[in-house]
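Asker: Offset between the sequence shown (1-based) and this note's numbering: plus 8.
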Amino acid sequence: MDILRTPRWLAELAAAMPSGTGYLLLLIVAVGVALIAHRLFFRLLTIVVPRSGKGFRTEVFRRVRGPVRLAFILIALRAIAPELAVDEGAGAVIGRVLQLGVIALIGWIAVSVLRALADVSRRRYRIDVDDNLVARKHRTQLMLLQRVGIGLVVVVTVAAMLMTFPSVRQYGVSLFASAGVAGIVIGFAAQSILANLIAGIQIALTQPIRIEDAVVVENEWGWVEEIAATYVVIRLWDWRRLVLPISYFIEKPFQNWTRETAGIIGTVIWQVDYAMSFARMREKLDEFLKQSKLWDGKVGVLQVIDTTERTVTIRALMSAHNSPTAWDLRCEIREKMLVWMQEDCPEGLPRLRNDVTAALHAPDRAATGSDGQEPLTPEALDRMGVRQ
């Protein structure tokens, strides 16, 4: 950086002015030259870098324009730093500040490039369509890798800034060299954080869950709304939010209804009387399914799955292209079938029956008696005080 020097004529002009006025002149000239150089630099990049149809160049330029502008300003300030320093101590402070600024600037540019890459790639995969399995897969990977990458950049940047201080650098070297009890204690303290970070990387690679997957966790049904570096947000069906540590999806079982495809089979259960005509019920099920816009036309089955002393259990299976549609289809078919039973097939509704067989034979038992007792003749009834 020896070439970064204030022009002699400018230094002499600033020195000839009063102290405060000279410093102000140097600052104004340095910042002005930096801004002009920044504009010319991006004009040159626009000519040199070809435009891509995916908008990558535009997005990267938009993201890094601010950090690059700051870079030119820091370079310009570095050029006039010797003229601004009153003594060696002030020069050391200015040099340290500029050094920290350059390190922070590199981290900022790296984060901006990562975000630009993620944004451009994310536009290629739409999840607002029915067949969005591949899009959700790539979006999940992008989200997790972007956040892990940004986290690593921030950690490395902060570490690099701290290592510029001799005292911090010596402490870091001694800590790495000792690797003793303190390191073990810190390791145990950060165990849960590290476990969640590692789980995030595992999910990005293996993808047991993806953005907008329909899942059942903790006996709650909802969709994966957000996958952060250490937690996952589930948007429940009633608009509540369930927040779980990301390691939950590596360590515990859960249901993923859209792991391979969004299609799902729904079930409807009825309890009907033994007098129900199953053939008519199957015909009505086929009719209701064909009339419904929610049915995908793949599965439509009616089965007798159980019996009790009073009723027969009927199950209908029907398919839909996703879980919310399957729920609405189940409710629709259940209601239509019940209305049909009430209006056209009331004999199929469950009912209670009384066994009247014993009552039909009661006169015979009254005439002959039972268990050695006297027959219930008119005379016997008269003696009992019972009048016919």
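Note that CB positions come from ideal geometry on N, CA and C, so glycine has one too.
Which residues mark the beginning and the end of the alpha helix (DSSP H) in which W348 is found?
Answerer: Position 340 of the sequence shown, counting from 1, holds the residue named residue 348. From DSSP, the alpha helix (DSSP H) with W348 extends over 331-352.
Asker: Are the CB atoms of S120 and R71 within a distance shorter than 8 Å?
Answerer: Here residue 71 corresponds to residue number 63 of the sequence shown, with the count starting at 1. Here residue 120 corresponds to residue number 112 of the sequence shown, with the count starting at 1. Taking 8 Å as the Cβ cut-off, R71 and S120 qualify as a contacting pair.
Asker: Count Cβ pairs between the region 275-284 and the region 323-332 that sit closer than 8 Å; are there 3 or more?
Answerer: Yes: the two stretches touch, three or more of their Cβ pairs being nearer than 8 Å.
Asker: Looking at the unbroken alpha helix (DSSP H) that takes in R323, where does it start and where does it end?
Answerer: By one-based count along the sequence shown, residue 323 stands at place 315. Element bounds for R323: not the alpha helix (DSSP H) but the beta strand (DSSP E), 320-328.
Asker: Can you tell me whether N204 is buried or exposed? The criterion is at least 16 other CB atoms within 10 Å of its CB, across all chains shown.
Answerer: Taking the sequence shown and counting its residues from 1, one reaches residue 204 at position 196. Buried.
Asker: How many Å lie between T333 and L310 at the Cα?
Answerer: Within the sequence shown, numbered from 1, the residue matching residue 333 stands at position 325. Within the sequence shown, numbered from 1, the residue matching residue 310 stands at position 302. Roughly 19 Å between the two C-alpha positions.
Asker: Which residues bound the alpha helix (DSSP H) around I277?
Answerer: Counting from one through the sequence shown, the residue named residue 277 turns up at place 269. From DSSP, I277 is part of no alpha helix (DSSP H) but of the beta strand (DSSP E) over 272-280.
Asker: Taking contact to mean 3 or more Cβ pairs, one atom from each stretch, closer than 8 Å, check whether the region 283-301 and the region 259-271 are in contact.
Answerer: Contact between the region 283-301 and the region 259-271 is absent, because fewer than three Cβ pairs lie under 8 Å.
Asker: From this set, I36, R51, G74, which residue's C-alpha is nearest I88's C-alpha?
Answerer: By one-based count along the sequence shown, residue 88 stands at place 80. When each option's Cα is compared against that of I88, the closest is I36.
Asker: Who does W229 pair with in a DSSP beta bridge?
Answerer: The sequence position of residue 229 within the sequence shown is 221, counting from 1. W229 pairs with V224.
Asker: Can you name the start and end residues of the beta strand (DSSP E) that I313 belongs to?
Answerer: Numbered from its first residue, the sequence shown carries residue 313 at position 305. I313 -> beta strand (DSSP E) spans 308-315.
Asker: Could you tell me which of V240, Q210, A236 sits nearest to V412, measuring between CA atoms?
Answerer: Summary: the structure shown does not reach residue 412, with the chain confined to residues 9 through 396, and so no result is reported for it.
Asker: Looking only at DSSP bridge pairs, what is I242 linked to?
Answerer: Taking the first residue of the sequence shown as position 1, residue 242 is located at position 234. DSSP lists V232, L250 as partners of I242.
Asker: On the CB-based measure, 16 or more other CB atoms within 10 Å of its CB, does V3 come out buried or exposed?
Answerer: The structure shown does not extend to residue 3, since the chain is modelled only from 9 through 396, so no value can be given for it.
Asker: Under the DSSP definition of a beta bridge, which residues are partnered with Q263?
Answerer: One-based indexing of the sequence shown puts residue 263 at position 255. According to DSSP, which records beta bridges pairwise, Q263 is partnered with V224.
Asker: When you compare the CB positions of R155 and A207, do they come within less than 8 Å of one another, or not?
Answerer: The residue given as residue 155 occupies position 147 in the sequence shown. The residue given as residue 207 occupies position 199 in the sequence shown. No.
Asker: Do S285 and L337 count as a contact pair if the criterion is CB distance below 8 Å?
Answerer: Here residue 337 corresponds to residue number 329 of the sequence shown, with the count starting at 1. Here residue 285 corresponds to residue number 277 of the sequence shown, with the count starting at 1. Cβ atoms of L337 and S285: not closer than 8 Å.
Asker: When DSSP labels each residue in this structure, what does W116 get in the three-state scheme?
Answerer: Here residue 116 is taken as the residue at index 108 of the sequence shown, counted from 1. Here W116 sits in helix by DSSP.
Asker: Cα separation between A374 and D314?
Answerer: Locating residue 374 in the sequence shown gives position 366, where the first residue counts as 1. Locating residue 314 in the sequence shown gives position 306, where the first residue counts as 1. Summary for A374: the model assigns pLDDT 49, below 50, so the residue's position carries little reliability; its value from the coordinates is reported in the next sentence. Cα to Cα, A374 sits roughly 41 Å from D314.
Asker: Measure the alpha-carbon distance for A143 versus V251 and round it to whole angstroms.
Answerer: In the sequence shown, counting from the first residue as 1, residue 143 sits at position 135. In the sequence shown, counting from the first residue as 1, residue 251 sits at position 243. Using only the alpha carbons, I get a separation of about 23 Å.
Asker: Which residue comes first and which comes last in the alpha helix (DSSP H) that contains S299?
Answerer: Within the sequence shown, residue 299 is the residue found at index 291, counting from 1. The sequence shown places Gln at residue 299, not Ser. That run of the alpha helix (DSSP H) goes 286-299.
Asker: Using the beta-carbon count (16 or more within 10 Å), is E340 buried or exposed?
Answerer: Mapped onto the sequence shown, residue 340 falls at position 332. Result: buried.
Asker: Measuring alpha carbon to alpha carbon, tell me which of I83, H46, L52 ends up nearest V110.
Answerer: Within the sequence shown, numbered from 1, the residue matching residue 110 stands at position 102. Minimum Cα distance to V110 is reached at I83.
Asker: Measure the alpha-carbon distance for W245 versus E343 and round it to whole angstroms.
Answerer: If you number the sequence shown from 1, residue 245 lands on position 237. If you number the sequence shown from 1, residue 343 lands on position 335. Each residue's alpha carbon lies about 21 Å from the other.
Asker: Give every residue of the same chain whose Cβ lies closer than 6 Å to the Cβ of A42, excluding the five residues on either side of it in the sequence, and list them in chain order.
Answerer: Taking the first residue of the sequence shown as 1, we reach residue 42 at position 34. The answer, listed in chain order, is F80, I81, A84.
Asker: Contact check, T165 vs Q107 under 8 Å by CB: the rounded distance?
Answerer: Translated into positions along the sequence shown, residue 165 becomes position 157. Translated into positions along the sequence shown, residue 107 becomes position 99. At roughly 13 Å, the Cβ-Cβ gap does not stay under 8 Å, so T165 and Q107 are not in contact.
Asker: Is F69 helix, strand or coil when you go by DSSP?
Answerer: Taking the sequence shown and counting its residues from 1, one reaches residue 69 at position 61. Here F69 sits in helix by DSSP.
Asker: Would you check if the distance between the CB atom of D221 and the CB atom of W229 is smaller than 8 Å?
Answerer: As a working note, residue 221 is residue 213 in the sequence shown. As a working note, residue 229 is residue 221 in the sequence shown. Against a cut-off of 8 Å, the Cβ pair of W229 and D221 comes out as no contact.
Asker: Kindly indicate which three-state DSSP category A3 falls into: helix, strand or coil?
Answerer: Limits of the chain in this structure are 9 at one end and 396 at the other, which puts residue 3 out of reach.
Asker: Report buried or exposed for E259, applying the criterion of at least 16 other Cβ atoms within 10 angstroms of its Cβ.
Answerer: Looking up residue 259 in the sequence shown gives position 251. That one is exposed.
Asker: Between L302 and the rest of its own chain, which residues show a CB-CB distance below 7 Å, the 5 nearest in sequence each way excluded?
Answerer: As a working mapping, residue 302 is identified with position 294 in the sequence shown. So the list reads A328, T333, D336, L337, E340, once near-sequence residues are dropped.
Asker: Use the C-beta contact count for V312: other C-beta atoms within 10 angstroms, 16 or more gives buried, fewer gives exposed.
Answerer: As a working note, residue 312 is residue 304 in the sequence shown. The residue is exposed, with fewer than 16 neighbouring Cβ atoms inside 10 Å.
Asker: With C-beta atoms as the reference, is I219 less than 8 Å away from R147?
Answerer: Locating residue 219 in the sequence shown gives position 211, where the first residue counts as 1. Locating residue 147 in the sequence shown gives position 139, where the first residue counts as 1. In this structure, R147 lies closer than 8 Å to I219 by Cβ.
Asker: Where Y133 and E226 are concerned, what is the direct C-alpha to C-alpha distance, given to the nearest angstrom?
Answerer: Within the sequence shown, residue 133 is the residue found at index 125, counting from 1. Within the sequence shown, residue 226 is the residue found at index 218, counting from 1. Straight-line Cα distance between these residues: approximately 30 Å.
Asker: Are the CB atoms of I272 and M151 nearer to each other than 8 Å?
Answerer: On the sequence shown, residue 272 is found 264 positions in, with the first residue counted as 1. On the sequence shown, residue 151 is found 143 positions in, with the first residue counted as 1. In this structure, M151 does not lie closer than 8 Å to I272 by Cβ.
Asker: Using 10 angstroms around the beta-carbon of I55, count the other beta-carbons present and answer buried if the total reaches 16, otherwise exposed.
Answerer: As a working note, residue 55 is residue 47 in the sequence shown. It counts as exposed.
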